[in-house]
Structures are given as C-alpha cells and as structure tokens.
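Engineer:
2 protein chains.
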Amino acid sequence: MPELRKDPIIGRWVIIATERAKRPSDFKVSQEKPKGGFCPFCEGNEDKTPPEIMAYRKNGSQPNTPGWIVRVVPNKFPALMIEGGINREGLGIYDKMNGVGAHEVIIEGTSHEKALSDFADDEVESVLWAYRDRIIDLKKDTRFKYIMIFKNHGEAAGASLEHTHSQLIALPIVPRNVAEEMNGAKDYYSYKERCIFCDIVRQEKNDKSRVVFENDDYLVICPFAPKFPFETWILPKTHQTHYEDGQVKEYKNLAKALRTTLKKLAIALNNTPYNFIIHNTPIMTEKNIPYYHWHIEIMPSLTKVAGFEWGSGFYINPTPPENAAQHLRDIQV
Amino acid sequence: MPELRKDPIIGRWVIIATERAKRPSDFKVSQEKPKGGFCPFCEGNEDKTPPEIMAYRKNGSQPNTPGWIVRVVPNKFPALMIEGGINREGLGIYDKMNGVGAHEVIIEGTSHEKALSDFADDEVESVLWAYRDRIIDLKKDTRFKYIMIFKNHGEAAGASLEHTHSQLIALPIVPRNVAEEMNGAKDYYSYKERCIFCDIVRQEKNDKSRVVFENDDYLVICPFAPKFPFETWILPKTHQTHYEDGQVKEYKNLAKALRTTLKKLAIALNNTPYNFIIHNTPIMTEKNIPYYHWHIEIMPSLTKVAGFEWGSGFYINPTPPENAAQHLRDIQV
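Sequence order for the protein chains is A and B.
This note's numbering runs 280 ahead of the 1-based position in the first sequence.
This note's numbering runs 280 ahead of the 1-based position in the second sequence.
(1) Taking the beta strand (DSSP E) that threonine 512(B) falls in, what are its first and last residues?
(2) Who are the near neighbours of alanine 465(A) in its chain, counting only those whose CB is closer than 8 Å to its CB and skipping five residues on each side?
(3) Among Trp409(A), Asp467(A) and Asn560(A), which has the Cα closest to the Cα of asparagine 533(A)?
(4) My guess is that asparagine 555(A) and lysine 420(A) are in contact by the Cβ rule of under 8 Å, so how many angstroms apart are they, rounded?
(5) Can you tell me whether threonine 518(A) is buried or exposed, with buried defined as 16 or more other CB within 10 angstroms of its CB?
(6) What residue ranges within the stretch 518 to 586 of chain A form continuous alpha helix (DSSP H) runs of no fewer than 4 residues, ordered along the chain?
(7) Tell me which residues share the same chain as glutamate 405(A) and place their Cβ nearer than 7 Å to its Cβ, disregarding the 5 neighbours each side in the sequence.
(8) Which of helix, strand or coil does DSSP assign to glycine 370(B)?
(9) Considering only residues of the same chain and omitting the five flanking positions on each side of serine 341(A), which have a CB-CB separation below 8 Å?
(10) Between the C-alpha atoms of arginine 482(B) and isoleucine 557(B), what's the straight-line distance to the nearest angstrom?
(11) Does the beta carbon of valine 309(A) come closer than 8 Å to any beta carbon on chain B?
(12) According to the neighbour-count rule (16 or more other Cβ atoms, all chains shown, within 10 Å of its Cβ), is aspartate 246(B) buried or exposed?
(13) If we cut at 8 Å on Cβ distances, does proline 600(A) have a partner in chain B?
(14) With DSSP as the reference, identify every bridge partner of methionine 334(B), one or two as the case may be.
(15) Is the CB-CB distance between isoleucine 427(A) and leucine 448(A) below 8 Å?
(16) Would you call the CB atoms of lysine 507(B) and glycine 438(A) closer than 8 Å?
(17) Among Gly364(B), Met361(B) and Pro503(B), which has the Cα closest to the Cα of isoleucine 290(A)?
(18) Cβ of histidine 519(A) less than 8 Å from any chain B Cβ?
(19) If I'm right that phenylalanine 493(B) touches isoleucine 295(A) with Cβ under 8 Å, what's the distance once you round it to whole angstroms?
(20) Going by CA-CA distance only, name the one from Val352(A), Ser489(A), Cys322(A) and Ala400(A) that's closest to isoleucine 429(A).
(21) Looking at glutamate 332(B): is its Cβ nearer than 8 Å to the Cβ of proline 320(B)?
(22) Residues of chain A with a CB under 8 Å from the CB of leucine 549(B): which are they?
(23) So cysteine 322(B) packs on histidine 392(B), CB below 8 Å; how close in whole Å?
(24) For serine 310(A), does the count of other Cβ atoms within 10 angstroms reach 16, so buried, or fall short, so exposed?
(25) Measuring only the C-alpha atoms, how far is isoleucine 547(A) from lysine 394(A)?
(26) According to the neighbour-count rule (16 or more other Cβ atoms, all chains shown, within 10 Å of its Cβ), is glutamate 312(A) buried or exposed?
(27) Select from Ser489(B), Glu460(B) and Ile514(B) the residue whose C-alpha is nearest the C-alpha of asparagine 495(B).
(28) When we look at the beta-carbon of leucine 339(A) and count the other beta-carbons within 10 Å, is it buried (16 or more) or exposed?
(29) Name the two residues that bound the continuous beta strand (DSSP E) containing glutamine 342(A).
(30) Measuring straight from C-alpha to C-alpha, what distance separates glutamate 442(A) and leucine 582(A)?
(31) For methionine 564(B), would you say it is in contact with chain A, using Cβ-to-Cβ distances shorter than 8 Å as the test?
(32) Tell me whether glutamate 312(A) sits in a helix, a strand or coil according to DSSP, three-state version.
(33) How would you list, in chain order, the residues of chain B whose beta-carbon sits under 9 Å from the beta-carbon of arginine 423(A)?
(34) Leaving out five residues on either side along the sequence, give the residues of the same chain with a beta carbon under 6 Å from the beta carbon of alanine 297(A).
(35) Assuming leucine 451(B) and lysine 425(B) form a contact by the criterion Cβ under 8 Å, report the distance between their Cβ atoms to the nearest whole angstrom.
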C-alpha cells in the first residue's frame with residue numbers, strides 16, 4: 281500500500297510508493313523510449329490492460345474486446361490503491377495515511393498514431409463524455425474528496441506511453457493547489473461579490489489581446505500571468521461550477537474549443553509535449569457556489585523548471601501572453 | 281524592463297520578459313549544448329562577463345583579471361533589472377509592477393571541469409562566504425524583500441552554462457513559497473511554542489532512519505515527505521534564523537556537510553543534475569524570530585513533473601526517503 285505523507289511545514293501531501301521502491305539504478309535519465317513495439321492500448325490488445333471500467337462501444341461489442349471508441353481501464357501501475365480504509369496516523373511530529381484512491385487511464389481512441397489534436401470534434405466529444413461519466417460514478421465513493429483529470433502528452437511532459445490517453449486520480453484529500461485556488465476565489469468573492477473567473481472572462485473579452493479562440497460557450501485565452509510560455513486556459517463563458525454538470529450542447533462546444541486549441545498549439549510549437557488539467561470544484565463542496573468556475577489549463581513543456589522556480593514559486597516566462605495569443609489566434613485550423 | 285505580474289486567483293507573481301520576448305521558433309526543445317567551446321566563466325575570460333561585483337583574489341590581483349578564487353558578476357541576461365523604481369499599477373482586475381531586482385552569478389571556481397562536489401572543503405567554504413557577503417551587501421537596498429540563492433547543476437536542472445556556478449536573485453516581494461513556509465512555521469510555533477525545524481532535527485536525530493550525515497553544527501537528512509527521490513536537506517542543529525549570521529566555524533562545518541552530501545549524491549546518482557536552494561529568512565523580518573530556521577534543500581532531477589503534480593501540488597515519489605538515506609549513508613566519501 282503506498283503511503284500519503286504530509287510535509288509538516290507547509291502541509292503538502294506526497295505519495296510515497298513503498299512497494300515498488302526505486303533504487304538509483306532504476307532511474308534512467310531522459311532515455312528515449314523506442315518508438316513502435318507492443319502497445320497495450322491498441323485495439324486488439326484489450327487483454328493486456330486490467331479489465332475495463334467502462335467503454336463506449338459500437339454495434340454492441342463485448343467488454344474487453346475490439347469495437348470500442350473510448351475505453352477506461354485501471355492504471356496497471358497505480359499511484360494509489362482503490363481498496364482499503366484511510367487510516368490516518370501520527371509518527372511523532374509527522375502525519376501519514378494509507379494511499380487510497382483511484383487511478384484510471386482514459387484511452388482516447390483506437391489509433392496508435394493519432395494525437396488528440398488530430399481527432400475529429402465528435403471524437404474529442406466522446407472523450408469529454410467519458411471524463412464526465414467517470415466523475416459521476418466516482419463521486420459516489422465517500423472516501424474521495426477530489427477527482428483530478430489530466431493529460432500528459434509527449435515524453436518531456438511525463439507520458440510513459442505514446443498511444444493517446446488521459447488519466448484520472450481520485451484522492452482522499454483536496455490537494456493543496458486546488459484548495460489554494462478555491463480559497464483565492466473565495467477571498468475575491470467576499471471582497472467584490474463577483475466570481476473572479478467571470479471577471480476574467482469579462483475583462484479578456486473586452487480587451488481581446490489575450491484571446492485565442494471563442495465560441496458560444498467557451499473562451500480560450502493566454503492568461504495575464506502565465507507560469508509558462510504559451511500557457512492557455514479554456515473557460516466557460518457563463519458561471520459553471522462543475523465540469524460534470526454541463527449541457528449536451530456545451531460538451532459539443534467544449535470539444536470544438538479543446539480540439540481547435542490543441543491543434544493551434546501543435547502547429548505553433550511543432551508538437552511540443554504538453555500537460556492539461558481540468559480544474560474542477562471539489563466533491564464535497566456545496567452545489568452552486570458563486571465564487572468558483574471550473575476550467576481547463578494547458579501547459580506546453582517549453583522551458584525547464586529550475587532552482588529559482590522551486591525555491592520561490594515564482595516563474596520566469598520569456599513569452600508575454602499577448603504575443604503567444606496573437607500567434608495562436610493567427611493560426612487557421 | 282521586465283514586468284512582474286500577479287495571478288489574480290492565487291496571488292502568484294511571475295516575471296514576464298517583455299524585451300527579449302521568445303517566439304515559438306526560439307525554443308529548442310531539449311537540444312544538447314555542445315561541450316567544450318568558449319566559456320565566459322573561465323579564468324582569462326574576465327572581460328567576457330559584465331564587470332565583477334566582488335571577488336576573492338590571491339596576491340592582490342586586479343579586478344576583472346585572472347587570480348581570483350570566487351568571482352561574482354551580474355547575470356548577462358538578467359530576469360530582473362537592477363535600476364528603477366517599483367511602480368505598482370492596476371490593469372482592470374490585474375496587478376503588475378516593474379521587474380526590479382538583482383540577478384547575480386557566483387562563479388564558484390576557475391576550473392571548467394570541476395563540479396562543486398569535486399571541490400576541497402576550503403574551496404566550498406569560499407563559495408559559502410561569497411553568498412554571505414552578497415546577502416550582507418544587498419540587504420542595504422531597501423527595495424528588496426527577499427534574497428534567494430540557488431544552484432542549477434546540469435542541463436536537465438536548468439543550467440545554461442557548464443562551468444560550475446550558482447545564482448542570486450534579490451526580489452522586491454517575498455515569494456509565495458517562502459511566505460508559505462514562514463506562515464506554516466509560525467502556525468506550528470503558535471500551537472506548540474517550539475520551532476518546527478528544531479523539532480525535525482530532534483526527531484530525525486533520534487529516529488536515525490533518514491539521517492545521511494552529521495557534524496557538530498549540521499544535520500543532513502532525507503525529509504519525511506520529500507517531493508522528489510533522493511531529495512536531501514541540510515539543517516543547522518541549533519536554532520539559526522539567518523544564513524548570513526553564522527559563526528566562522530559554522531561556515532567551515534557547512535562546507536564539509538555540503539561537499540560531502542553533493543559527493544554522495546554524485547556517486548549514488550551518477551552525476552544526475554540537481555538544484556539546491558538556500559531557504560533563508562526574508563530581509564525585513566525582525567531579528568531572532570523563534571519559529572523559522574534557515575536550511576538548504578537539494579533536489580536531484582530524477583523524475584519529471586507532469587499534469588498530476590502541476591494540477592494538485594501533490595508529488596508522487598517512487599523512492600521512500602528511508603531507502604534513499606540508507607543508500608547515501610552507506611557511501612563513503
């Protein structure tokens with residue numbers, strides 16, 4: 281069972297893998313993986329993953345056989361274990377608990393070659409529905425306080441398999457970055473009585489200099505103070521607290537916004553690796569909170585995080601977001 | 281003039297380089313730099329850096345000529361500019377100020393080949409004195425609230441030049457990671473009436489399982505909840521708030537502890553790139569605070585930070601610190 285341990289000074293939790301512990305010789309520094317070779321995510325290899333949790337399928341095909349469109353499976357090497365109690369415990373001045381949680385892989389499509397940015401809009405839409413269905417299901421498990429959906433594309437962004445996929449981790453605590461964002465938004469609301477994300481949408485739509493793309497439901501911007509060059513956010517244009525509570529037409533427009541943005545980034549940055557993260561409201565939060573607004577943050581891996589950033593939490597960004605947005609806006613896809 | 285911009289949600293400041301703005305074609309993804317070639321930090325090339333701020337020299341040699349031991353110069357491509365006022369300003373809901381600050385390079389020695397871990401103890405000690413002298417000097421500039429000293433070793437850790445060096449950045453604000461650490465330590469103190477770092481030193485000395493090295497003045501440990509495999513901290517054994525206020529014998533013992541630790545890490549991890557950061561008390565803090573304790577954190581670059589870590593602030597660490605500490609303890613240097 282992995283352990284969750286809390287840093288006693290700043291309260292950050294870390295997941296310590298106690299079972300398959302890595303020794304120095306297990307780290308192969310920035311070694312390129314061979315391309316090609318066997319892929320457990322390809323159609324026809326369904327028996328090489330743990331049994332599927334859900335899949336969207338054509339023609340009534342059977343679970344764990346070919347014929348799927350999107351397929352969700354448990355991570356074969358999970359960071360957290362789905363079974364067991366939480367068991368909080370002290371160790372002198374330190375705190376720990378069992379590493380309980382869900383770790384799932386969303387295999388976005390059957391093609392080994394196609395990146396998510398090369399998908400058709402309706403294929404991206406199926407992936408977005410799979411995210412939604414998994415959130416709805418996992419919310420029923422009362423051990424979990426937060427469900428994080430994210431994608432690592434390309435090895436420099438941490439992807440260990442080439443075949444396009446995203447991941448889901450359900451956690452027994454609200455992670456600190458999320459808590460921080462919620463608290464920041466709450467403070468703003470108590471001062472201004474307006475949602476800060478709604479204010480951002482309003483100001484960016486007026487200003488236009490950081491807008492990349494928009495449709496009826498979503499605004500895509502390079503944010504005012506981005507950590508990384510070409511960092512790009514997708515925000516619902518109206519106040520929406522929960523990703524999983526969207527209207528049917530909204531998932532359609534989100535698919536369009538996400539696909540267009542990823543394609544623009546792929547062209548601008550020559551398929552640079554990236555991460556995206558869905559920032560969603562924590563599970564136990566009351567419904568209809570007026571201060572928080574879910575959104576997606578996309579971060580291309582163009583720069584290295586070094587000592588200054590680790591020490592300060594300050595980032596040095598060599599590309600003003602106005603320049604990045606203009607560049608992305610001008611690319612036709 | 282670079283701009284400091286504040287993220288309106290969580291209050292993180294970023295430095296936006298507005299002058300030498302990078303376009304997509306300026307990013308060369310993980311391209312190896314050629315080894316060898318011209319080095320502005322080598323002895324004899326003193327005129328290829330901006331004029332030196334200070335140096336320790338042998339035999340009364342002249343500034344900006346050979347004959348130095350440690351040499352401090354302004355960064356040729358500074359993230360912040362030393363001249364100008366701070367000029368805070370609002371932009372609708374956003375906040376920004378001028379990117380004022382100092383950005384210096386501490387060239388640790390004349391040899392192009394020798395890593396800091398290969399230095400003799402007294403050579404490391406000279407570097408530590410240079411850090412101290414620069415802090416003492418920059419504290420006089422009332423525009424600055426924090427002085428961060430850090431080292432990026434190896435390209436994967438963000439070093440752009442091979443010749444061994446560290447960096448100093450003086451900032452017009454206390455960066456959020458520092459503020460967070462100070463606040464966490466303050467909260468602990470107000471609850472326990474003990475310094476959390478003193479408590480960590482006490483518990484680790486008793487427990488022994490995470491101790492890497494110790495001498496009269498310093499304890500070297502792998503912390504209980506490390507973000508990264510083989511993360512290692514150096515802590516003063518008694519309560520010390522300011523790096524720059526050490527006793528002469530303490531810098532001697534710190535040099536020994538740092539050199540030994542870096543050497544153990546270099547052997548264990550086959551010269552893996554790393555960052556180290558001196559976590560020091562902010563400038564304007566009252567003297568003799570009972571709750572904070574300066575220390576050094578060393579972070580080898582063995583794993584990649586990916587979507588989950590960016591989104592959650594949670595880290596997945598595949599090496600328990602007890603295993604890492606045992607491994608490092610057993611290496612004789």
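All C-beta atoms, glycine included, are put in the ideal place defined by N, C-alpha and C.
Remember, it's a predicted structure, so these values are computed and weren't measured experimentally.
Structural biologist: Working from what's here:
(1) 512 to 516
(2) Cys475, Ile476, Phe477, Tyr571, Tyr572 and His573
(3) Trp409(A)
(4) Between lysine 420(A) and asparagine 555(A) the Cβ distance is about 28 Å, and since that is not below 8 Å, they are no contact.
(5) exposed
(6) 528 to 548
(7) Tyr531, Lys532 and Ala535
(8) Collapsing the DSSP output to three states places glycine 370(B) in a strand.
(9) Gly347 and Trp348
(10) Each residue's CA atom was taken as its position, placing arginine 482(B) and isoleucine 557(B) some 23 Å apart.
(11) Confidence in valine 309(A) is poor, its pLDDT being 46 and thus under 50, which makes the residue's placement unreliable; the coordinate value appears in the next sentence. Yes, because at least one Cβ of chain B sits closer than 8 Å to the Cβ of valine 309(A).
(12) Past the edges of chain B, shown from 281 to 613, lies residue 246(B), and the structure says nothing about it.
(13) yes
(14) Val352(B)
(15) Yes, the pair counts as a contact, with Cβ atoms nearer than the cut-off.
(16) Contact flag unset, no.
(17) Ranked by how close their Cα comes to the Cα of isoleucine 290(A), the residues Gly364(B), Met361(B) and Pro503(B) have Pro503(B) in first place.
(18) no
(19) Not a contact, Cβ separation roughly 27 Å.
(20) Val352(A)
(21) no
(22) Pro304 and Phe307
(23) 5 Å
(24) Only weak support is given to the placement of serine 310(A): the predicted model assigns it a pLDDT of 43, under 50, and the question is left unresolved by the model.
(25) 15 Å
(26) With a pLDDT of 48 at glutamate 312(A), under the threshold of 50, the predicted position of this residue should be treated as unreliable, though the coordinate-derived value follows. The residue in question, glutamate 312(A), is exposed, as its Cβ has fewer than 16 Cβ neighbours within 10 Å.
(27) The residue from Ser489(B), Glu460(B) and Ile514(B) with its alpha-carbon nearest to that of asparagine 495(B) is Ile514(B).
(28) In the sequence under discussion, the amino acid at residue 339(A) is asparagine, which differs from the leucine named in the question. Asparagine 339(A) should be labelled exposed.
(29) From DSSP, glutamine 342(A) is part of no beta strand (DSSP E); its letter is neither H nor E.
(30) 19 Å
(31) No, because no Cβ of chain A sits closer than 8 Å to the Cβ of methionine 564(B).
(32) With a pLDDT of 48 at glutamate 312(A), under the threshold of 50, the modelled position of this residue cannot be trusted, and the question is left open.
(33) Neighbours of arginine 423(A) in chain B, taken as residues whose beta carbon is under 9 Å from its own, are absent, since the nearest beta carbon is some 16 Å off.
(34) Pro282
(35) 6 Å
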